[in-house]
Amino acid sequence: MEAGPRSAIRAPAPVFLNRLGLKLRQPQVILGLLLAMVLAGLVAVPFFQMVHDTAVWQEADRRIVRTAEPGAWTLFHYKRVFASPLSVNIFYRPLLHSLATSLAISSLAMLIGTLMAWLVVRTDMPFKKTIGVFAVIPYVLPSYTLALAWLDFFKNERVGGAVGIFSYLFGVSPPDWLAYGFVPIVITLSLHYYPFTYLLVSGALVSIDSSLEESGEVLGASRLRILRRITFPLVLPALISAFILTFSRAVGTFGTPYFLGAPVRYFTLATTIYTSIVNRTPAVAYIGALVLILISMIIIYMNQKVIGEKSFVTIAGKGLSRRPTALGPWRWPALIGAAALISLAVFVPLLLLLWQTLMLYPNDYSPGNLTLHYWIGASQPALAEGESGILRNSLILGAAWNSIRLSVIVALITGIMGILIGYAVVKGRKTKLAAVLEQESFLPYLIPSIAFGAIYLSLFSRSIGPLPALYGTFILLVLVCVAKNLPFSARSGISSMLQVAGELEEAGMMAGASWFRRFRRIILPLTLAGSLSGFILAFIATMRELSLIILLITPETRTLTTMTFRYVEQGYSQFADAIILLIVVLVVGGEFLARRIGKREMM
Amino acid sequence: MALIEIEGLTKRFGAVTAVSGLSLSVEAGEFLTLLGPSGCGKTTVLRMIAGLEIPDDGEIRIGGRTVFSFRRGLFVSPGERGVGLVFQSYALWPHMSVRQNLAFGLETRKAAPEEIKRRIAEALAYMRLEEMENRYPQQMSGGQQQRVALARMLVARPGVFLMDEPLSNLDAKLRIEMRAEIKRLHREVQATTVYVTHDQTEALTLSSRVAIMDRGRLVQVAPPREIYRRPGSLFVADFIGSPTINLIPGRIVRKEEGVFFAGDALSLPAPALAAQVGAEVTAAVRPEDIRIEPGESGGAARGDVYAVLPAGAETIIQVRREGRVFNVRVMGDASLEIGERVCMHFLPEAAVFFHRESGIRIDERRE
Numbered sequence: 032m033e034a035g036p037r038s039a040i041r042a043p044a045p046v047f048l049n050r051l052g053l054k055l056r057q058p059q060v061i062l063g064l065l066l067a068m069v070l071a072g073l074v075a076v077p078f079f080q081m082v083h084d085t086a087v088w089q090e091a092d093r094r095i096v097r098t099a100e101p102g103a104w105t106l107f108h109y110k111r112v113f114a115s116p117l118s119v120n121i122f123y124r125p126l127l128h129s130l131a132t133s134l135a136i137s138s139l140a141m142l143i144g145t146l147m148a149w150l151v152v153r154t155d156m157p158f159k160k161t162i163g164v165f166a167v168i169p170y171v172l173p174s175y176t177l178a179l180a181w182l183d184f185f186k187n188e189r190v191g192g193a194v195g196i197f198s199y200l201f202g203v204s205p206p207d208w209l210a211y212g213f214v215p216i217v218i219t220l221s222l223h224y225y226p227f228t229y230l231l232v233s234g235a236l237v238s239i240d241s242s243l244e245e246s247g248e249v250l251g252a253s254r255l256r257i258l259r260r261i262t263f264p265l266v267l268p269a270l271i272s273a274f275i276l277t278f279s280r281a282v283g284t285f286g287t288p289y290f291l292g293a294p295v296r297y298f299t300l301a302t303t304i305y306t307s308i309v310n311r312t313p314a315v316a317y318i319g320a321l322v323l324i325l326i327s328m329i330i331i332y333m334n335q336k337v338i339g340e341k342s343f344v345t346i347a348g349k350g351l352s353r354r355p356t357a358l359g360p361w362r363w364p365a366l367i368g369a370a371a372l373i374s375l376a377v378f379v380p381l382l383l384l385l386w387q388t389l390m391l392y393p394n395d396y397s398p399g400n401l402t403l404h405y406w407i408g409a410s411q412p413a414l415a416e417g418e419s420g421i422l423r424n425s426l427i428l429g430a431a432w433n434s435i436r437l438s439v440i441v442a443l444i445t446g447i448m449g450i451l452i453g454y455a456v457v458k459g460r461k462t463k464l465a466a467v468l469e470q471e472s473f474l475p476y477l478i479p480s481i482a483f484g485a486i487y488l489s490l491f492s493r494s495i496g497p498l499p500a501l502y503g504t505f506i507l508l509v510l511v512c513v514a515k516n517l518p519f520s521a522r523s524g525i526s527s528m529l530q531v532a533g534e535l536e537e538a539g540m541m542a543g544a545s546w547f548r549r550f551r552r553i554i555l556p557l558t559l560a561g562s563l564s565g566f567i568l569a570f571i572a573t574m575r576e577l578s579l580i581i582l583l584i585t586p587e588t589r590t591l592t593t594m595t596f597r598y599v600e601q602g603y604s605q606f607a608d609a610i611i612l613l614i615v616v617l618v619v620g621g622e623f624l625a626r627r628i629g630k631r632e633m634m
Numbered sequence: 032m033a034l035i036e037i038e039g040l041t042k043r044f045g046a047v048t049a050v051s052g053l054s055l056s057v058e059a060g061e062f063l064t065l066l067g068p069s070g071c072g073k074t075t076v077l078r079m080i081a082g083l084e085i086p087d088d089g090e091i092r093i094g095g096r097t098v099f100s101f102r103r104g105l106f107v108s109p110g111e112r113g114v115g116l117v118f119q120s121y122a123l124w125p126h127m128s129v130r131q132n133l134a135f136g137l138e139t140r141k142a143a144p145e146e147i148k149r150r151i152a153e154a155l156a157y158m159r160l161e162e163m164e165n166r167y168p169q170q171m172s173g174g175q176q177q178r179v180a181l182a183r184m185l186v187a188r189p190g191v192f193l194m195d196e197p198l199s200n201l202d203a204k205l206r207i208e209m210r211a212e213i214k215r216l217h218r219e220v221q222a223t224t225v226y227v228t229h230d231q232t233e234a235l236t237l238s239s240r241v242a243i244m245d246r247g248r249l250v251q252v253a254p255p256r257e258i259y260r261r262p263g264s265l266f267v268a269d270f271i272g273s274p275t276i277n278l279i280p281g282r283i284v285r286k287e288e289g290v291f292f293a294g295d296a297l298s299l300p301a302p303a304l305a306a307q308v309g310a311e312v313t314a315a316v317r318p319e320d321i322r323i324e325p326g327e328s329g330g331a332a333r334g335d336v337y338a339v340l341p342a343g344a345e346t347i348i349q350v351r352r353e354g355r356v357f358n359v360r361v362m363g364d365a366s367l368e369i370g371e372r373v374c375m376h377f378l379p380e381a382a383v384f385f386h387r388e389s390g391i392r393i394d395e396r397r398e
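Chains as they are written, first to last, in our numbering: chain F, 32 to 634; chain Y, 32 to 398.
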């Protein structure tokens with residue numbers, strides 16, 4: 032063998048160039064750099080653009096201040112938000128509402144979730160397996176499903192249109208505090224978010240060896256003392272995590288607070304952001320978004336401070352002995368309570384929504400009023416301004432197509448990106464690039480959905496260099512949903528990549544396979560099964576996404592969720608509810624399908 | 032010319048220098064083992080030869096072709112180096128059958144289907160895996176997986192075999208079986224082999240030469256017998272051999288009868304070290320170079336039996352003398368009682384001597 036032609040031509044190059052050149056021979060370095068840039072473009076750039084926009088005059092400001100000079104620096108917006116006669120209404124009160132509702136929601140959700148987890152994992156409650164399966168369903172439903180069902184039941188005369196079943200049944204109109212605002216927001220969202228706590232706490236409870244508790248018993252400690260001194264401290268990290276997770280979700284959610292709060296002008300920061308955009312004071316919305324991000328970051332920072340490196344798992348791998356706590360005479364009441372709760376969170380609302388869609392005229396609960404018009408009826412000028420039933424309504428079918436298209440594309444892109452990020456991070460372990468990439472992919476998690484939407488609105492409503500304004504395009508929706516879902520898919524990408532030993536890819540290198548061939552034939556097949564949960568999560572999250580995209584939707588890009596929103600605003604609850612049910616069917620169907628595929632792949 | 036030539040090879044991981052300025056050449060057809068304690072950088076050297084790690088300095092030539100040169104910024108990717116590698120974990124692709132595992136590399140290189148078929152059949156027959164071709168790795172025993180890994184390397188017909196602790200995941204019995212298998216493979220295929228292990232028995236039984244590494248540096252490269260009998264440094268002397276070599280600190284003195292080593296518990300003639308009189312040294316004596324006799328008859332070094340460790344074919348006896356324990360190897364059984372008085376006879380020229388400070392060998396022993 033003689034020297035290859037390449038080596039013959041090359042002249043000695045400076046050392047640093049060689050070093051750089053050799054570094055770039057590693058695919059994970061190239062990929063890592065590329066991904067880091069893409070992530071910067073998806074998250075960091077839009078964020079700084081938004082911060083910039085809060086501190087310069089906007090075109091729209093000319094309506095308010097004649098001397099406004101669009102593009103010039105100003106603290107006007109900050110003064111307006113934090114220290115003006117308007118501040119209480121556009122900032123302080125919504126902030127208070129946001130904090131109050133989120134705190135109440137997190138507490139209530141924790142209580143329900145912990146109780147449910149304990150019943151399912153540690154007691155002898157009958158049918159606890161079944162209850163365990165159903166207990167997570169509320170989270171699969173769109174967060175505002177319960178809000179719409181609540182309105183169907185409790186709606187009073189305040190907002191006009193038909194009133195709810197409550198008035199029909201009892202002949203009295205429910206008071207405002209029960210129909211709208213704080214109380215219903217807290218109840219409906221707690222029922223939506225408790226599965227977080229349920230999953231985390233039951234995970235922690237499963238991993239606690241009950242011999243730990245038994246040894247306490249042997250030492251003569253009372254039940255309560257064991258619970259307080261042994262069980263509780265072991266579950267604490269899970270509880271704190273659940274609280275943080277719930278709080279940061281609740282504070283950024285838009286649908287429920289809007290549906291249940293807006294009628295009585297009970298605004299939260301999230302809904303204020305929306306109304307500020309609608310009222311063409313975007314800078315105010317952006318500042319609100321910044322405050323939301325700040326709250327979120329403080330919460331997550333506290334989480335890391337409190338939990339730190341503390342491990343969730345006490346003892347794993349060894350045979351855990353678990354002896355269920357006997358509930359005695361409380362076995363059946365416990366089951367009835369748990370079943371009732373799940374019914375209230377899932378079945379009753381869905382049935383209410385279904386019933387609502389079957390009523391020709393709202394507020395007429397007689398059997399003669401039942402109809403399938405809003406599902407399959409042809410256009411009738413007398414009903415709902417002549418809109419036809421959702422299954423033959425081209426607008427809604429178009430929106431459904433958009434939703435499905437969006438969810439599938441987003442799931443695929445985030446899934447693949449998650450695997451790529453996982454690859455770059457795991458292969459580049461201990462390098463700075465890998466650390467930066469991992470942190471970057473986590474950033475969208477810190478930003479509440481509605482704020483994320485606001486960020487994208489501020490950046491993409493104008494053209495950037497050669498890039499045309501993306502506002503109003505389908506691509507923008509894909510971008511924002513991909514970015515927002517990245518933290519989860521990156522997590523699952525990294526963990527599934529950790530399962531695949533580096534040597535498996537290196538064996539492919541030895542066989543002379545190019546990076547693309549190795550990725551397609553070795554890495555992808557081996558990580559796909561592990562990443563599937565990431566795909567499903569992204570699909571479901573996108574399918575029912577409202578908070579994130581509500582600011583970015585135009586008539587051409589409407590999705591099912593934004594159609595629901597529109598119909599609620601117009602008072603066509605039959606349509607709104609029918610679409611929600613359609614979303615539920617698609618989400619549950621999607622998950623079912625993905626699980627089936629996943630199972631086959633595993634075998 | 033040597034088949035593999037390595038010059039000034041260096042690899043750093045962050046602040047840690049894993050391999051530092053290593054130069055080595057491997058002759059065609061040779062079986063060279065890189066041996067050293069864990070973390071000494073031997074696997075890193077192997078991976079740099081394979082092209083899986085990019086060195087921070089140096090040059091590697093395989094078959095006269097430069098595959099890496101830092102100075103020239105040259106790097107040939109692993110698949111183009113004409114080398115095959117067996118991984119410690121075997122790295123068989125779990126989603127592919129044995130046949131697919133073997134075919135992957137050939138398909139990558141666009142071999143003709145009949146050629147692929149023929150070569151797979153050949154490799155499977157050679158490794159006695161004919162019945163296994165449609166199995167998946169998880170369905171096979173560790174030894175079978177190991178043979179598939181070897182077969183996968185064989186089908187590509189590389190000019191150089193690289194093996195990274197291939198036997199470390201097998202149980203003791205299987206390990207001896209596979210050791211013979213690898214030796215047979217090397218003898219029949221005549222491929223140049225670089226083998227990494229931390230198991231000295233493996234190294235001594237398989238290799239034509241052993242390269243001993245310590246903290247990223249090469250400390251001695253020599254045939255197994257020479258490594259064992261004439262260790263180049265205190266480190267090698269201490270590292271090779273089980274039970275370990277007896278190390279006795281002392282100094283070189285001149286007496287009326289000649290030049291002697293005067294140790295803590297021992298005095299030995301050291302005629303070759305006349306030039307080193309006064310030096311602080313360490314003497315090293317292999318356990319089998321000491322003969323043992325019961326009683327107090329005449330011998331220079333008396334001691335008490337401290338422990339008797341029979342191991343079937345041989346017995347290790349620990350003898351205590353002046354607070355120091357000597358390992359002595361005796362063939363077969365030894366009928367000695369603990370606490371019994373014995374005499375140790377050191378075979379002539381049994382000891383090798385090292386400079387205490389530097390660990391460098393200072394005598395030149397005739398063989």
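We put the CB at the ideal spot given by N, CA and C, even for glycine.
Inset, instruction - State yes or no: is the beta carbon of F106(Y) nearer than 8 Å to at least one beta carbon in chain F? - result: yes
Inset, instruction - Decide yes or no for the touch test of the region 426-446 of chain F against the region 585-594 of chain F: beta carbon pairs closer than 8 Å, at least 3 of them. - result: yes
Legend entry - Unbroken alpha helix (DSSP H) run spanning D207(F), endpoints: D207 to A210
Inset, instruction - Give a yes or no on whether the minimum CB-CB distance between R387(Y) and chain F is below 8 Å. - result: The beta-carbon of R387(Y) is placed no less than 8 Å from the nearest beta-carbon of chain F.
Legend entry - Q57(F) - DSSP class collapsed to helix/strand/coil: coil
Legend entry - Separation of I91(Y) from A416(Y), as counted between CA atoms: Residue 416(Y) is absent from the model: chain Y starts at 32 and stops at 398.
Inset, instruction - Determine which residues of the region 117-129 of chain Y have a Cβ less than 9 Å from any Cβ of chain F, and write them out in chain order. - result: F118, Q119, S120, Y121, A122, L123, W124, P125, H126 and M127
Legend entry - Nearest neighbour of A49(Y), chosen from R149(Y), E58(Y), L66(Y) and V76(Y) [CA to CA]: V76(Y)
Inset, instruction - Ignore the nearest five residues each way along the sequence and tell me which others in L64(F)'s own chain have a CB closer than 8 Å to its CB. - result: Taken in chain order, the residues that qualify are L464.
Inset, instruction - Could you work out which residue in T588(F), K515(F) and P206(F) is closest to G503(F) when comparing CA atoms only? - result: T588(F)
Inset, instruction - Taking only runs that begin and end inside the region 159-218 of chain F, name each unbroken alpha helix (DSSP H) of 4 or more residues, in chain order. - result: 159-165, 168-171, 176-185, 196-201 and 207-210
Inset, instruction - Could you tell me whether the region 525-539 of chain F touches the region 556-564 of chain F, using the rule of 3 or more Cβ pairs below 8 Å? - result: Yes, the region 525-539 of chain F is in contact with the region 556-564 of chain F.
Legend entry - Cβ pair L340(Y), L55(Y) closer than 8 Å: no
Inset, instruction - On the DSSP bridge assignment, give the partners of T504(F) in chain order. - result: BP columns for T504(F) are empty, so no partner.
Legend entry - Chain-ordered neighbours of E110(Y) on chain F, where CB pairs are closer than 9 Å: Correcting the residue identity first, residue 110(Y) is Gly in this sequence and not Glu. The contacting residues are G539, M540, M541, A542, G543, A544 and S545.
Inset, instruction - Would you list, in chain order, the members of the region 553-571 of chain F that have their beta-carbon closer than 8 Å to a beta-carbon of chain Y? - result: Considering only beta carbons, the part of the region 553-571 of chain F lying closer than 8 Å to chain Y consists of I553, P556 and L557, in chain order.
Inset, instruction - Return the residues of the region 74-91 of chain Y that lie within a Cβ-Cβ distance of less than 7 Å from chain F, sorted by chain order. - result: A81, L83 and I85
Legend entry - chain Y within 8 Å of A293(F), Cβ atoms only: no
Inset, instruction - State buried or exposed for N165(Y), treating a residue as buried only when at least 16 other CB atoms are found within 10 Å of its CB. - result: exposed
Legend entry - Pairwise C-alpha distance: Y229(F) and T284(F): 20 Å
Inset, instruction - Just mark Q89(F) as buried or exposed, buried being the case when its beta carbon has 16 or more other beta carbons within 10 Å. - result: buried
Legend entry - Span separating the alpha-carbon of E288(Y) from that of R322(Y): Taking the Cα positions, E288(Y) is about 24 Å away from R322(Y).
Legend entry - Beta-carbon proximity check, E368(Y) vs V316(Y), cutoff 8 Å: Not closer than 8 Å, so no.
Legend entry - Touch test, the region 125-133 of chain Y against the region 151-167 of chain Y, Cβ-Cβ under 8 Å, three pairs minimum: yes
Inset, instruction - Take Q477(F) and list the residues in its own chain whose beta-carbon comes closer than 7 Å to its own, dropping the five residues that flank it on each side. - result: One point to set straight first is that residue 477(F) is Leu, not Gln, in the sequence displayed. Once the five neighbours on either side are set aside, the close Cβ partners of L477(F) are I324, S327, M328 and I331.
Legend entry - Secondary structure of I330(F), DSSP reduced to three states: Three-state result, I330(F): helix.
Legend entry - Given K286(Y) as reference, the closest of D394(Y), R392(Y), G309(Y) and G247(Y) once Cα atoms are compared: G309(Y)
Legend entry - Backbone CA spacing between L55(F) and E196(Y) [nearest angstrom]: 29 Å
Legend entry - Stretch-stretch touch, CB-based, cutoff 8 Å, three pairs: the region 610-623 of chain F with the region 200-212 of chain F: no
Inset, instruction - Using only alpha-carbon positions, find the residue among Q169(Y), G174(Y) and I147(Y) that is nearest to L160(Y). - result: G174(Y)
Legend entry - C-alpha gap between Y170(F) and Q601(F), whole angstroms: Taking the straight line joining both Cα atoms gives about 27 Å.
Legend entry - Helix, strand or coil at I348(Y) according to DSSP, with G and I counted as helix: strand
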